[in-house]
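Q: The numbering of the sequence shown is my numbering, which starts it at 148 and goes up by one. Backbone N, C-alpha and C define an ideal beta-carbon position, used for all residues, glycine too. Note that the structure is predicted; figures quoted are calculated from it, not measured.
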Amino acid sequence: NGHPSPLIVWNRSAAKAQQLSGVMVAETFEEVAQQKKKTIICEMSTIAPKLTFDLHTQATELGDGLLATTIFGLPSKAHAAKLIIIKAGDIKLRDIVSPYLIPAMGNKTNKTLLLGVCLNTSLVAYVNKMAAGEYTKISFRVAGVKKDLKHIIELGAE
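#1: For the putative contact between Met-171 and Ile-155, defined by C-beta atoms under 8 Å, what is the C-beta separation to the nearest angstrom?
#2: With distance defined between alpha-carbon atoms, name the residue in Gln-181, Asn-158, Pro-153 nearest to Gly-169.
#3: Give the range of the alpha helix (DSSP H) segment to which Gly-210 is assigned.
#4: So for Val-244, helix, strand or coil by DSSP?
#5: Report all residues from its chain with a CB closer than 7 Å to the CB of Arg-241; omit the five preceding and five following residues, and keep chain order.
#6: With a 10 Å radius around its C-beta and 16 neighbouring C-beta atoms as the bar for buried, classify Ile-299 as buried or exposed.
#7: Express the C-alpha separation of Glu-301 and Thr-186 in angstroms, rounding to a whole number.
#8: Should Ala-278 be labelled buried (16 or more other beta-carbon atoms within 10 Å of its own) or exposed?
#9: What is the DSSP secondary structure of Ile-238, reduced to helix, strand or coil?
#10: For Trp-157, which residues in the same chain have their Cβ closer than 6 Å to its Cβ, ignoring the five residues on either side in sequence?
#11: Taking DSSP's pairing of strands, which residues face Ala-228 in a bridge?
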């Protein structure tokens, strides 16, 4: 889309990255770092907050940047580029990556992240469904919920 620098993509599932057009696909994460002097990493995994902090520290020490880039939405929303994207980190870095993420991945991004909490329409919709007892229409995977709860417990302990 006319961005000034090439977008280098790495995904642990190489086949997913190969499906993207107009990007350079790195075979390894290390290749991403070798390709560019200044790298901005958009971390989109569900990992422990401490690990995100440690990765941010390491990226900063190397002169790079890292954003915790949380995405909300079902696979159907991802295919339609309608994910809700929350970027936490340096505002200058958020401004740089926004044109790469919107509209390619989503149609919404956070304008303000207040105390690390962002109420979004997806979360509110799920809460409303649960409150109404509509459990059959909620599509969280048990493994994902267990992982999120583990992170919450670890964060509370810290």
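A: Let's see:
#1: 5 Å
#2: Pro-153
#3: It is not in any alpha helix (DSSP H) - Gly-210 carries neither H nor E in the DSSP assignment.
#4: helix
#5: Leu-214, Lys-234
#6: exposed
#7: 29 Å
#8: exposed
#9: helix
#10: Ala-173, Phe-176, Val-179
#11: DSSP lists no partner for Ala-228.
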